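> Residue numbers (full-length UniProt numbering): 1 to 318. A single structure is presented below for examination.
Here is the structure:
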């Protein structure tokens, strides 16, 4: 089959469509013919050598896709069934082997391309804000990077849950998009200190920055507040005064989706389909695709996402 490979390990932009071996099915997996794959920050990190796939997973980049089942293996699924897939790797190819527990039906009314844009963000946002933090009506949530793929989805989901939504973004244009999606409190991090603007008000914070924002995040949390760190774009090490946590009973949680066990991923997928897919079907939450490019243009897609100019998701079509 054809798939995107990195032809120079020292050049993260050396992504080319080349011939590779077909995936070999294991028990409990199906072979999916890929129609489209979403582009994620983790894909860029992998190309830079900073986010390797878990042991046994495909070395091919790509954390989500949509397509049709070409070979159901021993699962009992139907050949030709349209599915969306949460992946540990392999989305940037013509075919990918997918554990049955990571297959999802297409959201009602969604095309294959649209479905490919929501798998990773839906599972990430729901597993962290719904399943882990238990975000509920009346709470205030802060979402860093409100204009990105995670952010644009999280804003809508949190509003659907009845929360007050604060966001940070680096431009007025992105903040306007966040406002249109339902954000209540808009903070331009280049001009404002979000911790000062939101001091003691946030019940939950979804953070993609990490070390750089840790002290400010703790200042922004309300009593019993939860900081959920899902990215480390601002570094991995910092120093804090642990005494700041105790009086207000603050919690700091760190999570990742890719490294979870198959059983844990299957639980996330089931819960996401149960709770989030109905929101996509009735329009309370909708996809936000910035651009659609051919799979062969993966390098261009990574360059575009890395530019900081993207609002929402980029999708590659095979």
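We put the CB at the ideal spot given by N, CA and C, even for glycine. Quantities reported herein were computed from a predicted structural model and do not represent experimental measurements.
1) How is residue 1 classed by DSSP in three states: helix, strand or coil?
2) With a 10 Å radius around its C-beta and 16 neighbouring C-beta atoms as the bar for buried, classify residue 236 as buried or exposed.
3) So the candidates are 107, 232, 310, 100; which of them puts its Cα closest to the Cα of residue 335?
4) Assign residue 190 to buried or exposed, taking buried as 16 or more other Cβ atoms, counted over all protein chains shown, within 10 Å of its Cβ.
5) Going by the beta-carbon positions, is the gap between residue 96 and residue 65 smaller than 8 angstroms?
6) With a floor of 3 residues, list each beta strand (DSSP E) that falls wholly inside the segment 212-239, ordered by position along the chain.
7) Please report how far the alpha carbon of residue 291 lies from the alpha carbon of residue 36, in whole angstroms.
8) Report the residue from 44, 52, 62, 273 whose alpha carbon sits nearest the alpha carbon of residue 259.
9) Name the two residues that bound the continuous alpha helix (DSSP H) containing residue 300.
10) Going by DSSP, which residues form a beta bridge with residue 107?
11) Just mark residue 193 as buried or exposed, buried being the case when its beta carbon has 16 or more other beta carbons within 10 Å.
12) Counting only the same chain and skipping the five closest in sequence on each side, list residues whose C-beta sits under 7 angstroms from that of residue 72.
13) Count the CB pairs spanning the segment 95-114 and the segment 207-226 that are closer than 8 angstroms, and state whether there are at least three.
14) Near residue 296, what residues of its chain come up, given a Cβ to Cβ distance below 7 angstroms and the 5 sequence neighbours on each side ignored?
15) How is the beta strand (DSSP E) around residue 291 delimited, first residue to last?
16) Identify every run of the beta strand (DSSP E) within the segment 47-134, keeping only runs that are complete inside it and at least 3 residues long; order them along the chain.
17) Taking DSSP as the reference, what is the three-state secondary structure of residue 191?
18) Using alpha carbons as the reference points, say which of 225, 287, 234, 165 lies closest to residue 246.
Result, derived from the coordinates:
1) Taking the chain shown and counting its residues from 1, the one referred to as residue 1 is at position 1. Coil at residue 1, not helix or strand.
2) The residue you call residue 236 lines up with position 236 of the chain shown. Here residue 236 is exposed: its Cβ has fewer than 16 other Cβ atoms, across all protein chains shown, within 10 Å.
3) Because residue 335 is not part of the residues shown, which for the chain are 1 to 318, the question remains open.
4) Indexing the chain shown from 1 puts residue 190 at position 190. With fewer than 16 Cβ atoms within 10 Å of its Cβ, residue 190 is classed as exposed.
5) Residue numbering aside, residue 96 sits at position 96 when the chain shown is read from its first letter. Residue numbering aside, residue 65 sits at position 65 when the chain shown is read from its first letter. Their beta carbons are under 8 angstroms apart, which means residue 96 touches residue 65 by this criterion.
6) Here the runs fully enclosed are 221-229.
7) What you label residue 291 is simply residue 291 of the chain shown in a count that begins at 1. What you label residue 36 is simply residue 36 of the chain shown in a count that begins at 1. Looking at the backbone, the Cα of residue 291 and that of residue 36 are separated by about 12 angstroms.
8) In the chain shown, counting from the first residue as 1, residue 259 sits at position 259. Comparing Cα positions, the closest option is 52.
9) Taking the first residue of the chain shown as position 1, residue 300 is located at position 300. Residues 298-306.
10) Stepping through the chain shown from its first residue, residue 107 is reached at position 107. In the DSSP output, where bridge partners are listed per residue, residue 107 has none listed.
11) To locate residue 193, count along the chain shown from 1; it is residue 193. Answer is exposed; the Cβ neighbour count stays below 16.
12) Counting from 1 along the chain shown, the entry for residue 72 is found at position 72. Its chain contains 30, 78, 79 as the residues whose beta carbon lies nearer than 7 angstroms to that of residue 72, once the 5 sequence neighbours on both sides are disregarded; these appear in chain order.
13) No: the two stretches stay apart, fewer than three of their Cβ pairs being nearer than 8 angstroms.
14) One-based indexing of the chain shown puts residue 296 at position 296. 17.
15) Residue numbering aside, residue 291 sits at position 291 when the chain shown is read from its first letter. Run containing residue 291: 289-294, per the beta strand (DSSP E) assignment.
16) Within the segment 47-134, complete beta strand (DSSP E) segments of at least 3 residues are found at 64-71, 82-86, 95-99, given in chain order.
17) The residue you call residue 191 lines up with position 191 of the chain shown. Residue 191: coil per DSSP, three-state reduction.
18) For the purposes of this step, residue 246 is taken as the residue at position 246 of the chain shown. For residue 246, the nearest C-alpha among the options comes from 225.
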